[in-house]
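From first to last, the protein sequence lines stand for chains Z and G.
The letter at position 78 of the first sequence is residue 78 when you use our numbering, and the numbering goes up by one with no holes.
So our numbering is basically just the index in the second sequence, starting at one, shifted up by 1000.
For glycine and all other residues, C-beta sits at the position ideal for the given N, C-alpha and C.
Please read these numbers as outputs of a predicted model, since none were measured by experiment.
These notes are about the structure you will find just below.
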Amino acid sequence: MSEKDLDLIERYFRDLLSEEERLAFEKRIESDEELKAEVDFHQDMLVAAQHEGDTALKKMFQQQETKSTNVANETVKIERPPTAKIFSLKKVMALAASVLFMVLSYWFYQQSLLGSPDLFANNFEQYPNVIAPIERGETATTTLEKAFAAYENKRYEEAISSFDQLENSTINFDVLFYKANALLALGKNNTAMQAFEQVVNSKTKFSAQAKWYLALTYLKQNNNVQAKTILEEIIKDKSFNYQKAEELITQL
Amino acid sequence: MERSTNKEQILADIRIGKEEVLQDIYNANRDAFLTWSRKRFSCSEDDILDAYQDAMIVFYNNVKNKKITNLESTIKTYIFAIGKNLLLKSYANNQKTTLSDNIDDAIVRKVDYTVGHKIELTHRQQVLSGILNQMGDVCANIIKLFYYRNFSIEAIKHELGYKHVDVVKSQKLRCMKKLKTMAKAQKDSLF
């Protein structure tokens, strides 16, 4: 089979031949057995590839279904030395959320005094580490602890590579959420945005928080229209930081 | 995913196979489609979900194969129209109401409704499909990109980080040859 003929076959199946070329080609198939065999093989190849490809796509959607129903209840497995204090994650989160809220409120107040145009810079604060609290004087041993130690100390590149290691086995949306925070802090806005979106869509523990950060990411990119849409959703759902969102939206 | 700002961008992202774009579209329209279908068809929740997933696959395939090239309407309208037609095919007799809806069928007139995982494969197609599964990464990737995702050789070069299109071409030829040999070996062992 010449390269030219192979090329013809491929263009034939992609509908890229001109009417004239196509007719001539179909005529040749009738008389050229070798060519016909090759065309048949390509046809089967295409069907097999479509079968495989669509099956994979179907699986992806099915997994998305199980993800959104099951993962909702999934919690992060925290590896911690036995001596460490065990906090109720819920309490810590609530506390962290209210602290964050107060901090942000203060900033906001300041911002309104300053009249600064940089709404993002004044509103962004990396989400606090509520997953693996690090005790003073303790050294991080597990990958999880190392990741969060780096995160807390704003060594974001290091944090991201540790988060990636954690993510290797399965997609963990909680880890992804923190990774997105680190990415945003580093100014990798597009990647951060993708990650936040995934977390939002996953309907997991940090989905509501991720939404707020997604709005901030849009602000950072000067996409006020999208930011506003998301802030409106937050306000409507009265979800994480909705009061903050109410204030922020008036300034857009 | 990055929220695409315009329809062309969305189509371009789908065409290059950005899974997160598809997932995003899936999530965005899922509940609305389910609610809409429940009112009109009496079939199980699983059947409706199945039809919705297939509608997404049909949408992807037709964007990829350039049967849907410019969106005259919203993506949602396309997916609803495709999903409705898929449900009609299977459950035409289970329609609950004849409520007129605003779904524009004209926009999906040219759509190819083939769903790959529901095709009844011939023996050789089954063999090939099995081999595609067993093949090493390089060949599986190239073949999938070329024959399933409709990538050009140039796009494959870019996607897989090859330096030159000729390298892609010869690699693809080698893979096809390998595939043929494997298919023949299987056939010979069967007969």
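Got a sec? Which residues, its chain only, sit under 8 Å from residue i by beta carbon, not counting five neighbours each side?
{"i": "residue 150 (chain Z)", "result": "156, 158, 159 and 162"}
{"i": "residue 14 (chain Z)", "result": "none"}
{"i": "residue 1092 (chain G)", "result": "none"}
{"i": "residue 1075 (chain G)", "result": "1007, 1010, 1025, 1029 and 1059"}
{"i": "residue 1175 (chain G)", "result": "1135, 1138, 1139, 1142 and 1143"}
{"i": "residue 178 (chain Z)", "result": "127, 129, 131, 147, 148, 151, 159 and 163"}
Provide the residue(s) that pair with residue i in DSSP beta bridges, ordered along the chain.
{"i": "residue 1095 (chain G)", "result": "G:1041"}
Please list, in chain order, all residues of the same chain as residue i whose beta carbon is under 7 Å from its beta carbon, the five residues on each side excluded.
{"i": "residue 1062 (chain G)", "result": "1068, 1111 and 1112"}
{"i": "residue 167 (chain Z)", "result": "175 and 176"}
{"i": "residue 1055 (chain G)", "result": "1079, 1082, 1083 and 1086"}
{"i": "residue 196 (chain Z)", "result": "180, 210, 213, 214 and 217"}
{"i": "residue 1095 (chain G)", "result": "1040 and 1041"}
{"i": "residue 1159 (chain G)", "result": "1145 and 1151"}
{"i": "residue 253 (chain Z)", "result": "Summary: the structure shown does not reach residue 253 (chain Z), with chain Z confined to residues 1 through 252, and so no result is reported for it."}
Would you kindly work out how many angstroms separate the C-alpha atoms of residue i and residue j, rounded to a whole number?
{"i": "residue 221 (chain Z)", "j": "residue 1024 (chain G)", "result": "20 Å"}
{"i": "residue 1011 (chain G)", "j": "residue 1066 (chain G)", "result": "10 Å"}
{"i": "residue 64 (chain Z)", "j": "residue 209 (chain Z)", "result": "21 Å"}
{"i": "residue 1008 (chain G)", "j": "residue 98 (chain Z)", "result": "42 Å"}
{"i": "residue 251 (chain Z)", "j": "residue 228 (chain Z)", "result": "10 Å"}
{"i": "residue 100 (chain Z)", "j": "residue 206 (chain Z)", "result": "14 Å"}
{"i": "residue 1078 (chain G)", "j": "residue 142 (chain Z)", "result": "48 Å"}
{"i": "residue 113 (chain Z)", "j": "residue 1021 (chain G)", "result": "Residue confidence for residue 113 (chain Z) is low, a pLDDT of 45 falling below 50, so the modelled location carries little weight; the figure read from the coordinates is stated next. Cα to Cα, residue 113 (chain Z) sits roughly 41 Å from residue 1021 (chain G)."}
{"i": "residue 223 (chain Z)", "j": "residue 216 (chain Z)", "result": "10 Å"}
{"i": "residue 124 (chain Z)", "j": "residue 201 (chain Z)", "result": "21 Å"}
{"i": "residue 1064 (chain G)", "j": "residue 1016 (chain G)", "result": "8 Å"}
{"i": "residue 246 (chain Z)", "j": "residue 1107 (chain G)", "result": "40 Å"}
{"i": "residue 7 (chain Z)", "j": "residue 38 (chain Z)", "result": "12 Å"}
{"i": "residue 1018 (chain G)", "j": "residue 30 (chain Z)", "result": "40 Å"}
{"i": "residue 1179 (chain G)", "j": "residue 1121 (chain G)", "result": "17 Å"}
{"i": "residue 1050 (chain G)", "j": "residue 122 (chain Z)", "result": "46 Å"}
{"i": "residue 182 (chain Z)", "j": "residue 128 (chain Z)", "result": "11 Å"}
{"i": "residue 1027 (chain G)", "j": "residue 203 (chain Z)", "result": "11 Å"}
{"i": "residue 1041 (chain G)", "j": "residue 56 (chain Z)", "result": "27 Å"}
{"i": "residue 46 (chain Z)", "j": "residue 1058 (chain G)", "result": "16 Å"}
{"i": "residue 249 (chain Z)", "j": "residue 232 (chain Z)", "result": "8 Å"}
{"i": "residue 41 (chain Z)", "j": "residue 188 (chain Z)", "result": "46 Å"}
{"i": "residue 184 (chain Z)", "j": "residue 1048 (chain G)", "result": "39 Å"}
{"i": "residue 1172 (chain G)", "j": "residue 1142 (chain G)", "result": "7 Å"}
{"i": "residue 1170 (chain G)", "j": "residue 1072 (chain G)", "result": "40 Å"}
{"i": "residue 12 (chain Z)", "j": "residue 67 (chain Z)", "result": "41 Å"}
{"i": "residue 50 (chain Z)", "j": "residue 1126 (chain G)", "result": "12 Å"}
{"i": "residue 1088 (chain G)", "j": "residue 238 (chain Z)", "result": "39 Å"}
{"i": "residue 27 (chain Z)", "j": "residue 1109 (chain G)", "result": "30 Å"}
{"i": "residue 1130 (chain G)", "j": "residue 1043 (chain G)", "result": "33 Å"}
{"i": "residue 5 (chain Z)", "j": "residue 32 (chain Z)", "result": "12 Å"}
Would you call residue i buried or exposed, if buried means 16 or more other Cβ atoms sit within 10 Å of its Cβ?
{"i": "residue 3 (chain Z)", "result": "exposed"}
{"i": "residue 243 (chain Z)", "result": "exposed"}
{"i": "residue 1030 (chain G)", "result": "buried"}
{"i": "residue 190 (chain Z)", "result": "exposed"}
{"i": "residue 105 (chain Z)", "result": "exposed"}
{"i": "residue 1167 (chain G)", "result": "exposed"}
{"i": "residue 154 (chain Z)", "result": "exposed"}
{"i": "residue 225 (chain Z)", "result": "exposed"}
{"i": "residue 58 (chain Z)", "result": "buried"}
{"i": "residue 193 (chain Z)", "result": "buried"}
{"i": "residue 172 (chain Z)", "result": "buried"}
{"i": "residue 62 (chain Z)", "result": "exposed"}
{"i": "residue 1001 (chain G)", "result": "Since pLDDT at residue 1001 (chain G) reaches only 41, below the 50 mark, its modelled position is unreliable, and the value read off the structure follows with that caveat. Buried."}
{"i": "residue 102 (chain Z)", "result": "exposed"}
{"i": "residue 85 (chain Z)", "result": "For residue 85 (chain Z), the predicted structure reports a pLDDT of 48, less than 50, and the residue's modelled location is therefore unreliable. A value from the coordinates is still provided. Classification of residue 85 (chain Z): exposed, given that the 10 Å Cβ count is below 16."}
{"i": "residue 1037 (chain G)", "result": "buried"}
{"i": "residue 19 (chain Z)", "result": "exposed"}
{"i": "residue 1116 (chain G)", "result": "buried"}
{"i": "residue 36 (chain Z)", "result": "exposed"}
{"i": "residue 1134 (chain G)", "result": "exposed"}
{"i": "residue 16 (chain Z)", "result": "exposed"}
{"i": "residue 1 (chain Z)", "result": "exposed"}
{"i": "residue 241 (chain Z)", "result": "buried"}
Hey, residue i and residue j are a contact pair by Cβ (cut 8 Å); roughly how many whole angstroms apart?
{"i": "residue 230 (chain Z)", "j": "residue 211 (chain Z)", "result": "6 Å"}
{"i": "residue 1153 (chain G)", "j": "residue 1165 (chain G)", "result": "5 Å"}
{"i": "residue 1124 (chain G)", "j": "residue 54 (chain Z)", "result": "About 18 Å separates the two Cβ atoms, so there is no contact after all."}
{"i": "residue 1128 (chain G)", "j": "residue 1185 (chain G)", "result": "With 8 Å as the limit, residue 1128 (chain G) and residue 1185 (chain G) do not qualify as a contact, their Cβ atoms being about 12 Å apart."}
{"i": "residue 119 (chain Z)", "j": "residue 132 (chain Z)", "result": "Not quite, the Cβ-Cβ distance comes to about 31 Å (not below 8 Å), so this is no contact."}
{"i": "residue 1132 (chain G)", "j": "residue 48 (chain Z)", "result": "6 Å"}
{"i": "residue 1060 (chain G)", "j": "residue 1014 (chain G)", "result": "6 Å"}
{"i": "residue 1162 (chain G)", "j": "residue 52 (chain Z)", "result": "With 8 Å as the limit, residue 1162 (chain G) and residue 52 (chain Z) do not qualify as a contact, their Cβ atoms being about 22 Å apart."}
Apart from the five residues just before and just after residue i, which ones in its own chain have a Cβ nearer than 6 Å to its Cβ?
{"i": "residue 1052 (chain G)", "result": "1033 and 1083"}
{"i": "residue 1039 (chain G)", "result": "none"}
{"i": "residue 1156 (chain G)", "result": "1145 and 1168"}
Flag residue i as yes if its beta-carbon sits less than 8 Å from any beta-carbon of chain A, otherwise no.
{"i": "residue 61 (chain Z)", "result": "Structure shown: chain A not included; protein chains present are Z and G."}
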